[in-house]
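*Asks:*
Number of protein chains: 2
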Amino acid sequence: MRGLLTIKDIARLSGVSVSTVSRVLNDRPDVSEKSRRRVRAVIEDQNYIPNNTARDLVRVRSEAVGLIVRGVQNPFFTDIIHSIEGALEAAGYTMVMRQIGSGEDEIAAGASMQRDKRLRGIIFLGGRSNYTPEEVASVTIPFVLCSYSNSYGSLAPDSYSSVSICDRSAAADAVDALVANGHTRIAALVADRDDSSISQLRYEGYCEALAAHGIPVRPELVFSAGNSFLIEDAYLAMKEGLRKEDDFTALFAISDDMAIGAMRALREHGRRIPEDCSVAAIDGITVSEYIQPMLSTVCQPKEELGAKSVELLRELLEGRGGHAQVTLPTVFRLGESIHRIS
Amino acid sequence: MRGLLTIKDIARLSGVSVSTVSRVLNDRPDVSEKSRRRVRAVIEDQNYIPNNTARDLVRVRSEAVGLIVRGVQNPFFTDIIHSIEGALEAAGYTMVMRQIGSGEDEIAAGASMQRDKRLRGIIFLGGRSNYTPEEVASVTIPFVLCSYSNSYGSLAPDSYSSVSICDRSAAADAVDALVANGHTRIAALVADRDDSSISQLRYEGYCEALAAHGIPVRPELVFSAGNSFLIEDAYLAMKEGLRKEDDFTALFAISDDMAIGAMRALREHGRRIPEDCSVAAIDGITVSEYIQPMLSTVCQPKEELGAKSVELLRELLEGRGGHAQVTLPTVFRLGESIHRIS
Chain A
13 MRGLLTIKDI ARLSGVSVST VSRVLNDRPD VSEKSRRRVR AVIEDQNYIP NNTARDLVRV
73 RSEAVGLIVR GVQNPFFTDI IHSIEGALEA AGYTMVMRQI GSGEDEIAAG ASMQRDKRLR
133 GIIFLGGRSN YTPEEVASVT IPFVLCSYSN SYGSLAPDSY SSVSICDRSA AADAVDALVA
193 NGHTRIAALV ADRDDSSISQ LRYEGYCEAL AAHGIPVRPE LVFSAGNSFL IEDAYLAMKE
253 GLRKEDDFTA LFAISDDMAI GAMRALREHG RRIPEDCSVA AIDGITVSEY IQPMLSTVCQ
313 PKEELGAKSV ELLRELLEGR GGHAQVTLPT VFRLGESIHR IS
Chain B
13 MRGLLTIKDI ARLSGVSVST VSRVLNDRPD VSEKSRRRVR AVIEDQNYIP NNTARDLVRV
73 RSEAVGLIVR GVQNPFFTDI IHSIEGALEA AGYTMVMRQI GSGEDEIAAG ASMQRDKRLR
133 GIIFLGGRSN YTPEEVASVT IPFVLCSYSN SYGSLAPDSY SSVSICDRSA AADAVDALVA
193 NGHTRIAALV ADRDDSSISQ LRYEGYCEAL AAHGIPVRPE LVFSAGNSFL IEDAYLAMKE
253 GLRKEDDFTA LFAISDDMAI GAMRALREHG RRIPEDCSVA AIDGITVSEY IQPMLSTVCQ
313 PKEELGAKSV ELLRELLEGR GGHAQVTLPT VFRLGESIHR IS
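So the protein sequences, as listed, match chains A and B.
Following this note's numbering, the numbering of the first sequence begins with 13 at its first residue and continues without gaps.
Following this note's numbering, the numbering of the second sequence begins with 13 at its first residue and continues without gaps.
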């Protein structure tokens, strides 16, 4: 960030009133040339770049953008973080990052960080999809939801910005690939069914895809890792679940990481993959392409998710655009984890 | 960070000289009560907390600590970043993160970031091990090297701080495990042999371990991924290397990620793991415990690396301690990727 000089500071340093500084910074005509020169001199003396537009008042205050990452160990986020940081730096902003656990509340973290770090804007990487206007009101600076949207919430479309994939159709694509290979007894591994997160969205996509194929959802085939997307919790949930129920030929996992955890549990249960159990997931993290068998998964456009989020935030910060909810396309990668059955 | 008010700002706002502000902030007696009150009033008015000690002059300037991560896609760093961020926040600092590519120079990035972001200190996560005093002189604030040290450099031990494992002995532990299972034709997959990074250290550990067992190093069995630790580059280097030379029964990879890339190349070359080729590595990233076969690897203490780095930096910033090079212990995990041969 370039500095925390407030209008009040500038007014003191230049010996004029706060409203005069404001008029100078907004390039208004109703200010004397003498005052204008004084204010400009102070700004220049402090190594701040004066400019002609109103938004440079804000630029003088801080160039920090907060990145709040919920779900700290999600490898899917690594590439997105890199993409966001690069785009912010290129535009002259500083990224201040805070990682929070998947059980923490990102909006509360955002409100606190906005205050403590004097941010200009926030990008939320991962979060709930059920915000109310009252909840997000505690964040009074522009923000963008990255990798998720407000699918279960009550925010008006013209009041927030997000960049995400369509999680429901991504889940449907994964399930469709399993059905296309002859599977009808398809289990699901989710974080939670009703947590208003991408877990719920993807679970619903799973249910809808089964319904579209005339396959009833069997609740005993839905395994939950609780409020966690971690590989180790996915492994434990699957390990536990398999003790009670293993009457399925394929598994849909809501994330690559969870699929990797589940595959170990399946192997330990005596199932070869894909011969004895097919697996399909969503995300397309790098490692999923290198493991054996290569994971069949719906790949998210990681770089674009980050770049587009920064673009939307900049439009908001720089007064160039309004709110938008952007949905980016995904690509299914066949991999080697799906076995055709008759 | 709390603010970027400089002594110069305070002097202007309070109408006294810079040296007077300095005397007030250092609680020196040679300053009039009137000036002292003015300076204090300005500081309080700006919401800065005045205090009696010299180092609070610095505290007024900024509470930001830079984290420069070199090798952005290294999953090994994820847990360390989380640990560093938590420890910094708990101590009242803000983490400002910058990710740089493995081909970029972290010291140059640090010098630039120190200036642009007005940092109090820097933690370098990943970097070269051959700094000279002249090179690091461009960083004039306290810093700590995390996950590496100055093994090939010329920094005096009382002039820098680092927290790392012993990379040479970690490599030796991995190679020893292969030798203990009957292997003598042991290939190595490195980033570079002579890049003064942990790649070189681990390569030397490999050579030393072979020598200790009376096994000559065969240069044709050392595969290099160039200046890269990426899983995809490791895969490509191994794929290419296997076309020329495959007369080995075991592979030592300098990182888990590189091992995972190499294993795909080995499988595509017709080698089952571990039956046709054993693999051992270093790092202990989470996913390496869930893949098939579970990777045999030397695990780094990730949380402790981060926590200890923050502890050392705080001691430097808060005047409580001098420089130290801390080496943390590792643990070998047997996994399933080593096959005993007669």
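Note that CB positions come from ideal geometry on N, CA and C, so glycine has one too.
Remember, predicted model here, so these are calculated numbers, not experimental data.
(1) Compute the beta-carbon to beta-carbon distance between residue 335/A and residue 172/A, rounded to the nearest angstrom, for a pair I have assumed lies under 8 Å.
(2) Does the distance from the CB of residue 215/B to the CB of residue 205/B come in under 7 Å?
(3) Rounded to whole angstroms, what's the CA-CA distance from residue 154/B to residue 203/B? Just pull it up for me.
(4) As a quick exercise: from 86/A, 333/A, 133/A and 91/A, pick the residue whose alpha carbon is nearest that of residue 105/A.
(5) Residue 24/B CB to nearest chain A CB: under 7 Å?
(6) Do you know offhand how far residue 280/A's Cα is from residue 247/A's?
(7) When you compare the region 283-291 of chain A with the region 320-333 of chain B, are there three or more beta-carbon pairs, one atom per stretch, that lie closer than 8 Å?
(8) The region 125-145 of chain A: which residues have C-beta closer than 7 Å to a C-beta of chain B, in chain order?
(9) Since residue 307/B and residue 267/B are thought to touch, with beta carbons under 8 Å apart, how far apart are those beta carbons, to the nearest angstrom?
(10) Let me see if you follow: with CB-CB separation under 7 Å, is residue 312/A close to chain B or not?
(11) Could you name the residues of the region 84-112 of chain B whose beta carbon sits closer than 9 Å to any beta carbon of chain A, in the order they occur along the chain?
(12) Starting from residue 151/A, find everything on chain B with Cβ-Cβ shorter than 8 Å and list it in chain order.
(13) Please report how far the alpha carbon of residue 97/B lies from the alpha carbon of residue 138/B, in whole angstroms.
(14) I want to see whether chain A comes within less than 7 Å of residue 304/B, judged by CB atoms only; does it?
(15) Examine the Cβ distances between the region 121-132 of chain B and the region 331-345 of chain B and report whether three or more of them are shorter than 8 Å.
(16) If we call anything under 7 Å between Cβ atoms a contact, is residue 142/A one with residue 165/A?
(17) Does residue 243/B get closer than 7 Å to chain A when you measure Cβ to Cβ?
(18) Can you pull out the residues from the region 260-278 of chain B whose beta carbon lies closer than 8 Å to at least one beta carbon of chain A?
(19) What did DSSP end up calling residue 64/A once you bin it into helix, strand or coil?
(20) From 82/A, 77/A, 30/A and 92/A, pick the residue whose C-alpha is nearest to that of residue 314/A; which is it?
(21) If you measure from the beta carbon of residue 72/B to each beta carbon in chain A, is any gap under 7 Å?
(22) Going by the CB atoms, is the gap between residue 81/B and residue 4/B shorter than 7 Å?
(23) If you measure beta-carbon to beta-carbon, which residues of the region 280-303 of chain A are closer than 7 Å to chain B?
(24) Please go through the same chain and pick out, in chain order, the residues whose beta-carbon is closer than 6 Å to the beta-carbon of residue 229/A, but skip the five residues on each side of it.
(25) Per DSSP, what are the beta-bridge partners of residue 343/A in this structure?
(26) Using the beta-carbon count (16 or more within 10 Å), is residue 298/A buried or exposed?
(27) Which runs of the alpha helix (DSSP H) spanning at least 4 residues fall entirely within the region 163-217 of chain B, listed in chain order?
(28) Please report the distance separating the alpha-carbon of residue 174/B from that of residue 305/A.
(29) How should residue 438/B be labelled, buried or exposed, when 16 other C-beta atoms within 10 angstroms of its C-beta is the threshold for buried?
(30) Residue 271/B bridges to which residues according to DSSP?
(31) Comparing C-alpha positions only, which one of 135/A, 181/A, 198/A and 27/A sits nearest to residue 232/A?
(32) Are the Cβ atoms of residue 325/B and residue 156/B separated by less than 7 Å?
(33) How is the beta strand (DSSP E) around residue 109/A delimited, first residue to last?
(34) Rounded to the nearest angstrom, what separates residue 40/B and residue 32/B at their Cα positions?
(35) Just the C-alpha distance for residue 149/B and residue 115/B, rounded to the nearest angstrom, thanks.
*Replies:* Taking the definition as stated:
(1) 6 Å
(2) yes
(3) 29 Å
(4) 133/A
(5) yes
(6) 10 Å
(7) no
(8) 129
(9) In fact, because the Cβ distance is near 11 Å, the residues do not count as touching under 8 Å.
(10) no
(11) 84, 85, 86, 87, 89, 90, 91, 93, 94, 97, 98, 101, 106, 107, 108, 109, 110 and 111
(12) Correct list: empty, because the minimum Cβ distance to chain B is about 18 Å.
(13) 16 Å
(14) yes
(15) no
(16) yes
(17) yes
(18) 269, 272, 273, 275 and 276
(19) Note on residue 64/A: pLDDT 36, under 50, position unreliable in the model; the coordinate value appears next. Of the three classes helix, strand and coil, the one that applies to residue 64/A here is coil, per DSSP.
(20) 92/A
(21) With a pLDDT of only 39 at residue 72/B, under 50, the local geometry of the prediction cannot be trusted, and the value read off the model is given with reservation. Output row for residue 72/B: interface = no.
(22) Missing from the structure shown is residue 4/B; chain B here goes from 13 to 354 and no further.
(23) 298, 299, 302 and 303
(24) 219 and 222
(25) 311/A
(26) buried
(27) 179-192
(28) 39 Å
(29) The structure shown does not extend to residue 438/B, since chain B is modelled only from 13 through 354, so no value can be given for it.
(30) Answer by DSSP bridge pairing: none, since residue 271/B is not bridged.
(31) 198/A
(32) yes
(33) 106-112
(34) 9 Å
(35) 21 Å
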